[in-house]
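Only one structure is covered here, and it is reproduced in the block below.
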Amino acid sequence: MVVAFDEMTGADGGVRPAYGELSRWLDEVPPDVLDYRRREAELLFRRIGITFAVYGEAEAQERLIPFDVIPRIMSGPEWRLLEKGLIQRVKALNLFLKDVYGAREILRAGIVPDDLVFRNPAFRPEMSGHSVPYDIYVHIAGIDIVRVDADTYYVLEDNARTPSGVSYMLENREIMMRLFPELFSRHRIAPVEDYPDQLLATLKSVAPSRVPRDPTVVLLTPGVYNSAYYEHSFLADKLGVELVEGRDLFVKDEMVYMRTTQGPRQVDVIYRRIDDDFIDPLTFRPDSALGVAGLMSAYQAGNVTLANAVGTGIADDKAVYSFMPAIVKFYLGEEPMLKNVPTWRCREEEHLAYVLDHLHELVVKEVHGSGGYGMLIGPAASKVAIEQFRAKLKTAPKNFIAQPTLALSTCPTCVESGVAPRHVDLRPFVLTGSNGTRIVPGGLTRVAMKEGSLVVNSSQGGGTKDTWVLDG
Amino acid sequence: MLSRTADNLYWLSRYVERAEYLARILDATQRLSALPLAYVGSSNEWESAVLTAGCATAFFKHYDEANEENVTNFLAFSTANSSSIRNCFELARSNARSVRTALTMEMWDSINGTWLELKRYGNGPTSREEFSRFLRWVQESSLRFDGSAYRTMLRNDAYWFSRLGVYIERADNTARILDVKYHLLLPDNERVGGPLDYFQWAAILRSVSALTSYHWVYRESLQPWLVADLLILKEEMPRSLASCYEAIVRNLDSIAGAYGRQGPAQRQARGIRARLQNSRMDGIFQRGLHEFIGEFITENNRLGGAVTEQFLL
Chain P
81 MVVAFDEMTG ADGGVRPAYG ELSRWLDEVP PDVLDYRRRE AELLFRRIGI TFAVYGEAEA
141 QERLIPFDVI PRIMSGPEWR LLEKGLIQRV KALNLFLKDV YGAREILRAG IVPDDLVFRN
201 PAFRPEMSGH SVPYDIYVHI AGIDIVRVDA DTYYVLEDNA RTPSGVSYML ENREIMMRLF
261 PELFSRHRIA PVEDYPDQLL ATLKSVAPSR VPRDPTVVLL TPGVYNSAYY EHSFLADKLG
321 VELVEGRDLF VKDEMVYMRT TQGPRQVDVI YRRIDDDFID PLTFRPDSAL GVAGLMSAYQ
381 AGNVTLANAV GTGIADDKAV YSFMPAIVKF YLGEEPMLKN VPTWRCREEE HLAYVLDHLH
441 ELVVKEVHGS GGYGMLIGPA ASKVAIEQFR AKLKTAPKNF IAQPTLALST CPTCVESGVA
501 PRHVDLRPFV LTGSNGTRIV PGGLTRVAMK EGSLVVNSSQ GGGTKDTWVL DG
Chain V
15 MLSRTADNLY WLSRYVERAE YLARILDATQ RLSALPLAYV GSSNEWESAV LTAGCATAFF
75 KHYDEANEEN VTNFLAFSTA NSSSIRNCFE LARSNARSVR TALTMEMWDS INGTWLELKR
135 YGNGPTSREE FSRFLRWVQE SSLRFDGSAY RTMLRNDAYW FSRLGVYIER ADNTARILDV
195 KYHLLLPDNE RVGGPLDYFQ WAAILRSVSA LTSYHWVYRE SLQPWLVADL LILKEEMPRS
255 LASCYEAIVR NLDSIAGAYG RQGPAQRQAR GIRARLQNSR MDGIFQRGLH EFIGEFITEN
315 NRLGGAVTEQ FLL
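Chains P and V are the protein sequences, given in the same order.
Count along the first sequence from 1, then add 80; that gives the number in the working numbering.
Count along the second sequence from 1, then add 14; that gives the number in the working numbering.
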């Protein structure tokens with residue numbers, strides 16, 4: 081296996097400039113102080129109640145995501161490069177969605193195969209022929225980025241449905257500032273605390289144009305049993321908007337209202353953290369108790385804006401993902417600034433043959449999966465697991481894609497044995513409104529706490545770090 | 015504010031108040047049951063505790079006998095009893111969790127801390143001593159929650175709805191004690207003055223933390239009609255029906271003022287309060303104490319329903 085690029089020591093073992101102060105500080109600080117602060121951080125998280133649920137684990141209904149106290153650092157120029165790439169990527173995602181639900185030029189040009197769109201469960205025919213305000217579909221995107229060397233970033237996934245994790249980005253920074261004031265006095269770090277303001281401005285900017293007043297924004301959550309419920313309540317609080325559940329809303333004459341102690345109040349923008357499938361039992365899953373009956377009719381009538389739009393799943397589908405470089409070129413006439421991980425689409429015979437021959441060195445993912453569930457990491461899997469997966473793959477090759485095992489960059493991390501490198505990724509949050517695209521510098525760094533592990537998902541035991549973008 | 019948020023706040027307060035009330039009943043019953051039979055008579059105190067908690071039907075579905083072990087377990091720790099202390103705290107915390115944004119940090123801290131602490135008590139006490147500690151802890155937890163709400167909440171509708179929950183629950187609790195023990199408070203009771211009843215009256219007062227107040231208000235030894243007067247008509251007594259209704263009317267008026275609209279809940283509450291203000295104990299005894307209490311419980315429930323209908327749906 082290739083040696084991973086370490087973000088602090090680089091390829092040659094010398095400390096990279098952005099990490100200069102941190103490295104000196106790590107040398108100075110006694111290990112027990114670091115350990116003490118780590119425990120203090122855990123206590124703070126527990127007290128604030130920042131927990132998440134892991135599906136399928138009855139015991140640990142509310143668990144903490146491990147927090148690592150050593151920050152991940154990017155220099156200003158590194159960030160600006162990434163930022164440009166992200167803006168380009170999200171612009172292309174929005175253009176693609178507008179096209180797929182509109183003129184379908186990209187299909188006619190043969191860039192993306194028809195059936196990949198039309199036979200995709202994430203494609204929502206209900207959206208065809210309906211436009212959305214300002215042609216923005218993905219208001220909030222969480223683009224997962226991995227780094228393999230000093231200059232190369234790959235997009236691992238475009239999360240264009242209901243990306244989560246931004247509360248950790250915000251809370252991690254708060255807690256770091258509380259625990260390590262001396263570290264902050266030695267750096268100039270771009271702030272992230274204005275994210276909620278930017279998000280609210282973004283949401284208001286896409287209100288239906290008929291709204292003459294200050295638009296009423298709400299955040300729609302599936303409720304307390306959802307794994308990201310803490311984040312929903314955290315964001316609603318920071319945004320200063322009502323945190324509503326489906327039963328708090330109702331639709332009358334194609335308008336959406338919420339039930340308040342003073343009677344019905346009209347709602348203009350819904351930041352929904354419920355999947356398409358559950359949003360309206362009249363249109364989608366009839367057994368959904370989480371949604372609002374008739375919401376789609378109000379949406380299609382243009383009386384309410386949903387963020388993100390319905391049907392964005394077609395753009396972050398793992399099979400469509402493999403076409404992203406071509407999609408960027410098609411709409412923008414530019415070379416993509418962020419690379420795609422080379423991807424084998426098991427739906428294509430040649431690709432499948434290659435994948436079946438190289439299972440032990442590839443990562444194979446379900447096309448519609450997320451959260452690190454149901455994937456095979458070839459180099460780490462047992463022979464039995466590989467053979468089981470092979471059988472699964474052969475039965476439904478269309479459901480899978482495969483990628484090489486990337487040597488994700490590592491970052492110094494506090495572990496049992498002291499400070500050691502662990503693999504990380506990065507999820508910046510890209511906001512798009514009628515008034516432009518904004519990205520709060522940094523994002524959420526996720527870290528695989530186990531030595532050698534490449535799985536950073538919180539549901540699989542991954543942790544998080546504060547992410548610093550330095551001045552200059 | 016969202017109706018559901020108001021509903022959660024209202025029930026959060028009710029459940030915390032109910033947990034405290036149950037702890038008080040259990041505490042008072044434990045004291046009574048520790049007295050020689052000659053002092054308290056042969057009545058089954060544990061059965062009366064179940065009646066006072068208003069869950070006799072559910073209790074006898076699970077147990078044949080109302081003894082100390084069964085009753086403490088059912089009222090304090092049982093998961094089968096929807097109103098056990100454990101379930102009250104569980105429900106309070108889950109209500110709190112769904113309205114995190116409407117709570118102050120101190121309130122969340124308090125209820126979340128209580129909930130975390132609850133796990134320490136496992137499935138019940140291992141000794142009487144530990145159980146007493148548990149009862150004290152329940153009362154302290156409720157005081158801490160109530161105090162944090164009182165001291166940190168903005169005085170807006172959220173606060174008023176949470177207060178309404180406290181007082182409607184409290185009025186119900188006090189009325190239930192009176193309902194179960196009314197025969198002890200009748201002035202023409204043949205056992206008046208016996209040592210038997212003294213401890214029963216003390217237990218009633220203790221279960222609403224009014225034993226000391228009684229002496230300050232009346233400066234007399236315990237008399238049953240005065241106990242009834244204190245718990246029903248004295249506005250200065252914080253758990254009396256009159257005091258609860260003073261607070262209910264005040265909070266409903268604040269809501270009406272902020273919303274610019276009076277409704278059925280306000281009118282009903284004022285009606286109940288006026289009746290309490292215009293009553294005197296001898297009149298109540300004449301018409302029947304039991305009937306009076308029974309009517310009050312019904313009216314109080316009806317007001318709860320009116321509040322729900324007017325604001326919480």
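For glycine and all other residues, C-beta sits at the position ideal for the given N, C-alpha and C.
- Query: Looking only at C-alpha atoms, which of 378/P, 401/P and 295/P sits nearest to residue 280/P?
  - Reply: 295/P
- Query: What's the gap between the Cα of residue 216/P and the Cα of residue 382/P?
  - Reply: 13 Å
- Task: Consult DSSP for residue 217/P and reduce its assignment to one of helix, strand or coil.
- Result: coil
- Residues near residue 269/V by beta carbon distance below 7 Å, same chain, minus five either side: Its chain contains 171 and 174 as the residues whose beta carbon lies nearer than 7 Å to that of residue 269/V, once the 5 sequence neighbours on both sides are disregarded; these appear in chain order.
- Item | Minimum Cβ-Cβ distance from residue 273/V to chain P less than 8 Å | yes
- Among residues of its own chain, excluding the 5 on either side of residue 207/V, which ones have a beta-carbon nearer than 8 Å to its beta-carbon? With a pLDDT of only 46 at residue 207/V, under the threshold of 50, the placement of this residue in the model should not be trusted, and no figure is reported.
- Message: Quick check on residue 399/P: does DSSP put it in helix, strand or coil?
- Response: It is helical.
- Whole angstroms is fine: what's the gap from residue 384/P's alpha carbon to residue 522/P's? 31 Å
- May I ask which residues mark the beginning and end of the alpha helix (DSSP H) holding residue 431/P? 429-437
- From residue 307/V to residue 325/P, what does the alpha carbon distance come to, in whole angstroms? 39 Å
- Query: Is there a Cβ from chain P that is less than 8 Å from the Cβ of residue 162/V?
  - Reply: no
- Message: Along the chain, where does the alpha helix (DSSP H) containing residue 319/P start, and where does it finish?
- Response: Annotation for residue 319/P: the continuous alpha helix (DSSP H) segment containing it runs 309-319.
- Where residue 338/P meets chain V, residues with beta-carbon distance less than 8 Å: 16
- Residues in the region 339-365 of chain P having any Cβ partner in chain V nearer than 8 Å: 339, 340, 341 and 342
- Task: Sort out for me which residues DSSP pairs residue 503/P with in a bridge.
- Result: 490/P
- For residue 243/V, count neighbouring Cβ atoms within 10 angstroms of its own Cβ and tell me buried if that reaches 16, exposed if not. The residue is buried, with at least 16 neighbouring Cβ atoms inside 10 Å.
- Query: Excluding sequence positions up to five away, which residues of its chain have a Cβ less than 8 Å from the Cβ of residue 258/V?
  - Reply: 181, 182, 184, 185 and 188
- Starting from the N-terminal side, write out each stretch of the beta strand (DSSP E) that is 3 residues or longer and does not extend beyond the region 253-338 of chain P. List check, beta strand (DSSP E) in window: 297-300, 322-324 and 329-332.
- Message: Within 8 Å of any Cβ in chain P, is that where the Cβ of residue 327/V sits?
- Response: yes
- For residue 455/P, the three-state DSSP class (helix, strand or coil): coil
- Query: Do the CB positions of residue 234/P and residue 486/P come within less than 8 Å of each other?
  - Reply: yes
- Can you check the region 58-135 of chain V for any alpha helix (DSSP H) of at least 4 residues that lies completely inside it and give the ranges in chain order? 59-66, 70-76, 82-86, 99-112 and 119-132
- C-alpha gap between residue 20/V and residue 329/P, whole angstroms: 15 Å
- Check the C-beta distance from residue 191/V over to residue 221/V and give it rounded, since I have them as a contact under 8 Å. 6 Å
- List the residues of chain P that residue 111/V touches, going by C-beta distances under 7 Å, in chain order. Under the 7 Å cutoff, chain P gives 304.
- Item | Neighbour flag for residue 251/P against chain V, beta carbons, 8 Å | no
- Message: To the nearest angstrom, how far is the alpha carbon of residue 271/V from that of residue 261/V?
- Response: Near 15 Å, if we compare the C-alpha coordinates of residue 261/V and residue 271/V.
- Query: Listed from N- to C-terminal order along the chain, which residues in the region 143-177 of chain V have their beta-carbon within a distance smaller than 7 Å of any beta-carbon of chain P?
  - Reply: 171
- Beta-carbon of residue 322/P versus every beta-carbon of chain V: anything under 8 Å? yes
- Query: CA-CA distance, residue 359/P and residue 474/P?
  - Reply: Between residue 359/P and residue 474/P, the C-alpha separation is close to 34 Å.
- Message: What residue range does the alpha helix (DSSP H) around residue 387/P cover?
- Response: Careful: residue 387/P lies outside any alpha helix (DSSP H), inside the beta strand (DSSP E) at 385-387.
- Ends of the beta strand (DSSP E) at residue 239/P? 233-239
- Item | Listed by chain order, chain P residues near residue 254/V by CB distance under 8 Å | For residue 254/V, no chain P residue has a Cβ inside 8 Å of its Cβ, as the nearest lies near 28 Å away.
- Task: Please report the residue range of the alpha helix (DSSP H) in which residue 288/V lies.
- Result: Counting along the chain, the alpha helix (DSSP H) containing residue 288/V begins and ends at 278-291.
- Item | Start-to-end residues for the beta strand (DSSP E) that takes in residue 519/P | 516-519
- Query: Name the chain P residues whose beta carbon is nearer than 9 Å to that of residue 108/V?
  - Reply: In chain order: 304.
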